[in-house]
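Visitor: Protein sequences, first through last, are from chains R and E.
So that you can map any letter, position 219 of the first sequence is 219 in our numbering, and since no number is skipped, the others follow by simple counting.
So that you can map any letter, position 135 of the second sequence is 1135 in our numbering, and since no number is skipped, the others follow by simple counting.
For glycine and all other residues, C-beta sits at the position ideal for the given N, C-alpha and C.
Protein chains: 2
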Amino acid sequence: MTPPSNIPTLDDVARAAGVSTATVSRCLNEKQKVSEKTLRRVMKTVDDLGYTPNFNARAMAAKRTHTIGAIIPTMDNAIFARGMQAFQETLHDKGYNLLVSSSAYQPELEAEQVRALVARGADGLLLIGYERDPDVYGFLERRNIPTILAWNSIDGTDHASVGFDNCASMKQLTEQVITMGHKRIAYISGIVDGNDRAEGRLRGVRMGLAAHGVDPNTLTVVETAYEIETGARAFRSIMQAEPQPTVVMCGNDVLAAGAMTQAKELGLRVPEDVSITGFDGIELASVLQPSLTTVHVPHREMGRIAAEELIDMVEKRSTGAFRRLDVKIELRGSLAPI
Amino acid sequence: MTPPSNIPTLDDVARAAGVSTATVSRCLNEKQKVSEKTLRRVMKTVDDLGYTPNFNARAMAAKRTHTIGAIIPTMDNAIFARGMQAFQETLHDKGYNLLVSSSAYQPELEAEQVRALVARGADGLLLIGYERDPDVYGFLERRNIPTILAWNSIDGTDHASVGFDNCASMKQLTEQVITMGHKRIAYISGIVDGNDRAEGRLRGVRMGLAAHGVDPNTLTVVETAYEIETGARAFRSIMQAEPQPTVVMCGNDVLAAGAMTQAKELGLRVPEDVSITGFDGIELASVLQPSLTTVHVPHREMGRIAAEELIDMVEKRSTGAFRRLDVKIELRGSLAPI
DNA sequence: CAACACAATGTAAGCGCTTACAATTGATTC
DNA sequence: GAATCAATTGTAAGCGCTTACATTGTGTTG
């Protein structure tokens, strides 16, 4: 004896409209298979009853969810916000929903989230970067879940991806810095372990140095989490060394923001006493005083393309392409010639 | 004739372990009801087969999802990031998952998302602010979905909520500003329509003026979206008027950041030529130069409490409390006496 | 007008779980 | 040793949809 639930089901609609459940289902999903008269009547009943299809039942019967999952390292800072927004918008335009979770930069957590999203029936997945336990890729392949990787682009990889070359981009910025006469360079890096973007950027700096005959071993590197506060701390410790560097390059804009604030607190003028650079080109960079020299990444474009490509994969129009986007060095007030 | 899918199901596990599906289900959900020996054997089989429970099937059979839905106006800027992070962490600690969508400040979109989240089986919902179509509340009540409102707190409302008094907080800041001698005040407001937080803040400014005998009609108000760029534009248009205000108060820190950048561009010194204030106390405020006077909102605490209370409601330990949190005026460099 | 094609609708079998209830087991008691 | 009971396990009925297949109705054709 179940209490008569007041939540209308397909059955209720069918009964009220005097048709079978199959017909109602068709009205909802394949209108062209139903006569116009029936369609109108059924839709009116749907409205009258305030019927909403039960998503889980639907997913179960149809084995499609029109849902895409995304796992990003963090939502707490702006690095991924813009790109994910564009990703979401594009999905929405094409009739897909987005489920996001964050892994807090922890590989095991990411693996767990992959399973959770697949268990929820995600038709496809967006992951950040390449580096992760092969088991995860194995699982995805066995389950046949189209997956696209973003925010990085490494030569010689064949996985579907849309990103930019973190290493080459940072190398380019480093060469620019060196060209402006800087020799004593310090670098505040994000945590490299398990983060191929951070690793690539660090490698890019070293390659930039090497390309100009500077010994990469002279580079001071501090590795720390991507937060304003930790960026500030790293900057302080760097500037205690003797001789002080003439430029502190940062693994991203958030770290750079921390460095800039700390510079002011230490009474150092930017860029007269020390130059500072960032990476990403988030809004924060243009609000800083002086505004931040950074590497601008086309986040929105990356998000949009990722969505389009992933849907093509889900709908079997593509087997997964490799797309590399160009970045742009933004030279601004925080970097000056020596 | 279905192709033999390689995705293991409960049945597969049961067969392989030589028990019934009920027992496997118990091993997964109510370990205490199963003998230790069986439990071990079944769990090993689960592991060997790489079995993952199908979430949709589970939700359907159990009518519980351990999933909470949240709909916030935007993910694109930092206003909600910190609070949602804490909300998420607390949910996770208590064994719940979070599904977030953003409504882009559009009431119809929000209503649609509410239905979508409920259709997905969300056990409870977090919504921002009070103001929305009564139909939405009606729907939620009919479906019996516990819902908590956050980010605002209005006297005389009885809905479960955890927030702060936007109006009183802004009134307090306004009084502080007036006490410092400011008479010509301008205010850059967020879009008030459909946003009770923005509306409350604007009302708070007017009440603050009135309380000190300043005619609220002399207040210049520019209403615009919460973006750095629009904040900058609003500031420019305000400073073109004669006589210029001595202080530009802003509806949030993002607008204030735009105002500050624009002030520099116009060659105006802050706070010597014009004072600027914000609201929210996001990280951005402390990175600005000079650092921003703002109203600090305990976002993390709000997120945590919202999660705890909502779970209590879902698990029938509470019927929905009304919690008001205190804010703190942060007096910093961007505001000076006249 | 019988024969047929095609459009519209109906029937019913699952999808992979949870759980009420029934059955079995083994220990305990008298 | 029969009776009792708690602990453990099994049986099977759904949960609310989609969809392959069967059925019905309608207009065309020879």
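#1: In its own chain, which residues sit with a C-beta less than 7 Å from the C-beta of E:G1267, not counting the 5 before and 5 after it?
#2: Can you tell me the Cα-Cα spacing of R:V254 and R:I228, whole angstroms?
#3: Short of 6 Å in beta carbon distance, which residues of its chain neighbour R:G69, apart from the five on each side in sequence? Order them along the chain.
#4: Return the CA-CA distance between E:N1217 and E:I1185, expressed in angstroms with no decimal places.
#5: Put E:F1080 into one of helix, strand or coil per three-state DSSP.
#6: Out of R:S275, R:A57, R:I305 and R:T179, state which residue places its alpha-carbon closest to the alpha-carbon of R:F322.
#7: Distance cutoff 8 Å, beta carbons only. Does R:T294 sit that close to anything in chain E?
#8: Does the CB of E:P1053 have a neighbour CB from chain R at under 8 Å?
#9: Give the straight-line distance between the Cα atoms of R:N152 and R:C27, rounded to the nearest whole angstrom.
#10: Just to confirm before moving on: does the CB-CB distance between E:T1246 and E:H1182 stay below 8 Å?
#11: Touching or not, the region 66-80 of chain R and the region 1069-1083 of chain E, by the rule of three or more beta carbon pairs under 8 Å?
#12: Quick one: list the residues of chain E neighbouring R:G121, beta-carbon separation under 9 Å, in chain order.
#13: Could you check whether E:V1297 and E:D1312 sit closer than 8 Å to each other, using their CB atoms as the reference points?
#14: Consult DSSP for E:Y1130 and reduce its assignment to one of helix, strand or coil.
#15: Can you give me, in chain order, the residues of the region 1275-1289 of chain E that have a beta carbon less than 8 Å from any beta carbon in chain R?
#16: May I ask you to report which of helix, strand or coil DSSP gives E:G1276?
#17: Does any residue of chain E bring its CB to less than 8 Å from the CB of R:L99?
#18: Going by beta carbon distance, what residues of the same chain come within less than 7 Å of E:S1103, once the five residues before and after it are set aside?
#19: Return helix, strand or coil for E:S1103, following the three-state DSSP convention.
#20: Using a Cβ-Cβ cut-off of 8 Å, state whether R:A150 counts as contacting chain E.
#21: Quick one: which chain E residues come within Cβ less than 8 Å of R:D11?
#22: For the alpha helix (DSSP H) that contains R:E229, what are its first and last residues?
#23: Taking the beta carbon of E:H1299 as the centre, do at least 16 other beta carbons fall within 10 Å, making it buried, or is it exposed?
#24: Which residue comes first and which comes last in the beta strand (DSSP E) that contains R:F322?
#25: Nearest to R:R15 by alpha carbon, out of R:K31, R:R41, R:K33 and R:V34?
#26: Taking the CB atoms as reference points, tell me whether E:F1055 and R:A119 lie closer together than 8 Å.
#27: Look up E:T1220 in the DSSP assignment and give the residues it is bridged to.
#28: Could you give the DSSP three-state label for R:Y138: helix, strand or coil?
#29: Select from E:G1163, E:G1095 and E:K1094 the residue whose C-alpha is nearest the C-alpha of E:L1127.
#30: May I ask you to report which of helix, strand or coil DSSP gives E:E1036?
#31: Listed in chain order, which residues of the region 153-178 of chain R have Cβ atoms closer than 8 Å to some Cβ of chain E?
#32: In its own chain, which residues sit with a C-beta less than 6 Å from the C-beta of E:Q1244, not counting the 5 before and 5 after it?
#33: Quick check: is the beta carbon of R:T38 nearer than 8 Å to any beta carbon in chain E?
#34: According to DSSP, which residues form a beta bridge with R:A328?
#35: Among the residues of its own chain, which have a CB less than 7 Å from the CB of E:P1003, if the five just before and after it don't count?
Guide: Reading it off the structure:
#1: none
#2: 5 Å
#3: So the qualifying residues of the chain are L99, L117, A122 and L125.
#4: Taking the straight line joining both Cα atoms gives about 11 Å.
#5: coil
#6: R:I305
#7: no
#8: yes
#9: A straight line joining the alpha-carbon of R:N152 with that of R:C27 spans about 43 Å.
#10: yes
#11: In this structure the region 66-80 of chain R lies against the region 1069-1083 of chain E, because at least three pairs of beta carbons, one per stretch, are closer than 8 Å.
#12: N1054, F1055 and N1056
#13: no
#14: The answer is coil: DSSP assigns E:Y1130 none of H, G, I, E or B.
#15: E1283, L1284, S1286, V1287, L1288 and Q1289
#16: Checking the sequence shown, residue 1276 of chain E turns out to be Ile, not Gly. Note: E:I1276 maps to strand in three-state DSSP.
#17: yes
#18: I1071, P1073, L1109, E1110 and Q1113
#19: coil
#20: Not a single C-beta of chain E is nearer than 8 Å to the C-beta of R:A150.
#21: Residues of chain E passing the Cβ test: none, with the nearest at roughly 15 Å.
#22: Note, R:E229: alpha helix (DSSP H), I228 to M239.
#23: buried
#24: Counting along the chain, the beta strand (DSSP E) containing R:F322 begins and ends at F322 to R324.
#25: When each option's Cα is compared against that of R:R15, the closest is R:R41.
#26: Note that the C-beta distance between E:F1055 and R:A119 is below 8 Å.
#27: E:A1186
#28: Looking at the sequence provided, one finds Gly at residue 138 of chain R rather than Tyr. Residue state, collapsed to three classes: helix.
#29: E:G1163
#30: helix
#31: none
#32: none
#33: no
#34: In the sequence as displayed, the identity of residue 328 of chain R is Lys instead of Ala. R:H296.
#35: Low local confidence applies: a pLDDT of 44 at E:P1003 is under 50, so the model's placement there is unreliable, and no value is given.
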